[in-house]
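Some notes on the structure that comes next.
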Amino acid sequence: MKRLPLAISLPTLIQILIWGLIVGCIYVLLASGLNLIFGVMKVVNFAHGEFMIMGGYVSYWVSILEGLNPYLSIFVSMIIVGAVGILTERICFHQVLGTSKLNELILSLGLIYVLQNAMSVLWTDYPVLIDSPFKNIIVEFGIVRMRLDWLIVIGITVLVMAGFYILIRKTKIGRAMRATSQNRVAAMLMGINVERINMFSFGLGTALAATAGTLLAITTSITPYAGEIPALKAFTIIILGGLGSPLGAVVGGLAYGLVESCAVTILGGTWRDAVGFAILILVLIVRPTGLFGEKEK
Amino acid sequence: MKILTDLRTNVRKPRFYFLILVLIVLLFIPFFQTSLYVIHVLILMFFFISYSSSWNLLAYSGQVSFGHAAFLGIGAYATTLFTIQTSLSFLGILMGALVSALVGFLIGLTCVRLREWFLALVTFGFSIIMIALTIEFNWITGGTLGLVVPKLFPTISQYQYYFHYYYVMLALAIFLVFVFYFIIKSKIGLAFAAIRENELEAKATGIDVVKYRLLAFTISAFFTGLTGAFYAHFIGYINHQIYDPSNSFWPIIITVIGGLATIEGPVIGSVLRFFILEFLRMIEPWVRTIGPGMITIYPKVQLLLFGVILVAVIILMPKGISPWLRKYLMLKR
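Sequences listed follow chains E and R, in order.
Mapping of the first sequence onto the working numbering: residues 8 to 304, in sequence order.
Mapping of the second sequence onto the working numbering: residues 2 to 334, in sequence order.
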């Protein structure tokens, strides 16, 4: 057995928490997008992580080829990946919508294979790191030391989530999306074009994933296969945070990032992926419908 | 004895003779085909038939597991550890299956009350947890270095070993297909099908849904563990990579392409996988002439193709190839 680091100094603890926060930000973006898609379309898309990685690669491409600042290339990436998302919704998910959950699951499994290997063909398997222009700048607040990039990542997440909130709460299309997620038939009867709402939500969800992917590629690095497990973790987050609850995705994402960061420090890197699923299984043993899940028939 | 009469009526059908013919061909392949590669690929095909059939048994009761590699790996590890300790290989194989069934029962206790995609998530998560456990308890499992599995027939050469193993895996595949046949023709299978089609109606008819789903989970884990035990003896070496998600996804791809919740689905899917991979291997020299980068790209293109096939099958023919094949080969009842 390896020795457990029982005594953690205060600066180390702060570093762990900050890293947890950064990872948490990426999970927040990923889980919010998934939550939106699940809320509106009731579709389970396990291939969401592949859209995240695609966002990272598109940003990488744009920032290398056009010399654009990687943080600005997020917008390009959001548009391109959102378009790919809409296309995927039209070609694939639209066809199986409402048949059975198993079809959706297996379809998203097929999409995982398609997207992963397509990205691998396009961008090879080598890990890719987006070179940030601020990578050598370190900011200090007292004992807290962090890279400027990390601050920007947190800032961008806050901005994007604020924009997302305004879009959902204050605009007409946001209201239509909320109506569709509450009651599809009633929304249709009220004159909402439900199919267009489906397309828009899927595009928006994948665009959020693209943001997450760019931030992931800036903070750590990405490979074509890195998206599979984060997507399933994001599902864990929205089950634990309450299906269809936007606040649950945010709080759950941050909490999950912190828990994962602590678990990696205490138990070691092999438990990075396992700890969240262990929590999920424990929670589902006690409550089979999820932590805040409503009782369904 | 409804099953036996059912079998007897099937004997007169042309598809029965077709089946016998295929079996005879399979039995005599090693005598004519002495290439080790072909035998190896065929053994893997039998492995995938057994593995997918075990997975399909669970899918037959309406539960789609995304982490069956966990049971495969548990069966493999249990049989290896038991065989290393006691050097009783055949008892070890049974032990692998039993341990896997026990774990399947325990995980099933959680899973049977869950909705489809919760269940997919939990089973997938379980296979990820197994990776961490295997690396963590490295004084038992060998960690990332893995374990060398004792051979099932220790005294013969590697060359002969393949030929012996060909018949072992063939027997296993036939056995599991027949197990699947007998289960779905029995009362238990009827209950599974009822639960799959409509859980609420099944409950109203007086079927104990939780009990039957748990039974499906345990049986499926048992046979997956059995397959895993034989697989471990075949490849001769196991490590944590046996729990890899791709190992969990292959039976899904195979069964869905072949036909979900049918007897012939896993068989058709595995044979098709075998032919597609062989075809792609055949055109590989031609593909390499396109450009130097093709050597690294080509394996990805193969998996990409399987992804596209899976998506196309789900969208265009959700029941898989099997109904289509039944219609055109006149093998329908």
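All C-beta atoms in this analysis are idealised placements derived from N, C-alpha and C, irrespective of residue type, glycine included.
Here the structure is a predicted model, which means the values were calculated and not measured.
A Cβ-Cβ contact shorter than 7 Å links R/Gly-270 with R/Thr-256. Shown here, E/Val-91 sits in a helix according to DSSP, grouped into three states. Ranked by Cα distance from E/Ala-183, the options E/Val-50, E/Asn-143, E/Gly-170 and E/Arg-203 are led by E/Arg-203. Put simply, the CB of E/Trp-278 is near chain R, with a gap under 7 Å to one of its CB atoms.
Secondary-structure assignment with DSSP links R/Glu-202 through no beta bridge to anything. Nearest CB-CB separation between E/Ala-38 and chain R: not below the 7 Å threshold. By the 16-neighbour rule on beta-carbons within 10 angstroms, R/Trp-287 is exposed. Restricting attention to E/Cys-269, E/Thr-218 and E/Ile-288, the CA atom closest to the CA of E/Met-61 is found in E/Thr-218.
Following the DSSP letters along the chain, one finds E/Arg-152 inside the beta strand (DSSP E) bounded by residues 151 to 154. Interface with chain E (7 Å Cβ-Cβ cutoff): R/Pro-155 is excluded.
One thing to note: R/Ser-158 has its Cβ no nearer than 7 Å to the Cβ of R/Tyr-244. Counted as a single uninterrupted DSSP element, the alpha helix (DSSP H) harbouring R/Ile-315 occupies residues 295 to 317. In terms of beta-carbon proximity, R/Lys-212 stays away from the interface with chain E, with every pair separated by 7 Å or more. Rounded to the nearest whole angstrom, the CA to CA distance from R/Tyr-213 to R/Leu-59 is 11 Å. Below the 7 Å Cβ cutoff, chain R contributes Arg-114 and Leu-115 as neighbours of E/Pro-295, in chain order. In this structure, E/Leu-43 is the residue among E/Ile-23, E/Ile-25 and E/Leu-43 with its C-alpha nearest to the C-alpha of E/Ser-252. In terms of beta-carbon proximity, R/Trp-118 lines the interface with chain E, with at least one pair separated by less than 7 Å.
Among the CB atoms of chain E, one or more fall inside 7 Å of the CB of R/Ile-136.
The distance from the Cβ of R/Leu-173 to that of R/Phe-91 is about 13 Å, inconsistent with a contact at the 8 Å cut-off. DSSP, read as helix, strand or coil, puts E/Glu-147 in strand. With respect to R/Ala-98, R/Leu-227 sits close: the two C-beta atoms are nearer than 7 Å.
Burial is judged here by how many other beta carbons sit within 10 angstroms of a residue's own beta carbon; R/Lys-328 has fewer than 16 and is exposed. The alpha carbon of R/Tyr-166 has as its nearest neighbour, out of R/Pro-31, R/Phe-181 and R/Phe-19, the alpha carbon of R/Pro-31.
Under the three-state reduction of DSSP, E/Val-51 is assigned to coil, being neither helix nor strand.
An exposed status is given to E/Asp-138, since fewer than 16 other beta-carbon atoms sit within 10 Å of its beta-carbon. Interface flag for E/Leu-112 against chain R is set, since a Cβ pair is found closer than 7 Å. Leaving aside the five residues that flank E/Ser-115 on each side, the residues in its chain whose CB is nearer than 6 Å to its CB run, in chain order, Asn-52, Phe-53 and Ala-54. At the C-beta level, R/Pro-300 and R/Ser-54 stay beyond 7 Å of one another.
Cβ-Cβ distances below 8 Å link E/Arg-279 to Glu-267, Ala-270 and Val-271 in the same chain, with the five nearest sequence neighbours on each side left out; the list follows chain order. In the three-state reduction of the DSSP assignment, R/Leu-148 falls in the strand class.
Interface criterion met: the Cβ of E/Tyr-120 is under 7 Å from a Cβ in chain R. Closest option to E/Thr-213, judged by alpha-carbon separation, among E/Leu-28, E/Leu-254 and E/Gly-40: E/Gly-40.
Cβ-Cβ distances below 6 Å link E/Ile-144 to Leu-155 in the same chain, with the five nearest sequence neighbours on each side left out; the list follows chain order. Counting only runs of 4+ residues, the alpha helix (DSSP H) found wholly inside the stretch 67 to 129 of chain R occupies 70 to 87 and 90 to 112, in chain order. Taking a Cβ-Cβ cut-off of 7 Å, the neighbours of R/Lys-301 in chain E comprise Asn-124, Ser-127 and Val-128, given in sequence order. Counting only residues of its own chain and dropping the five nearest sequence neighbours on each side, R/Leu-281 has a CB closer than 7 Å to the CB of Gln-303.
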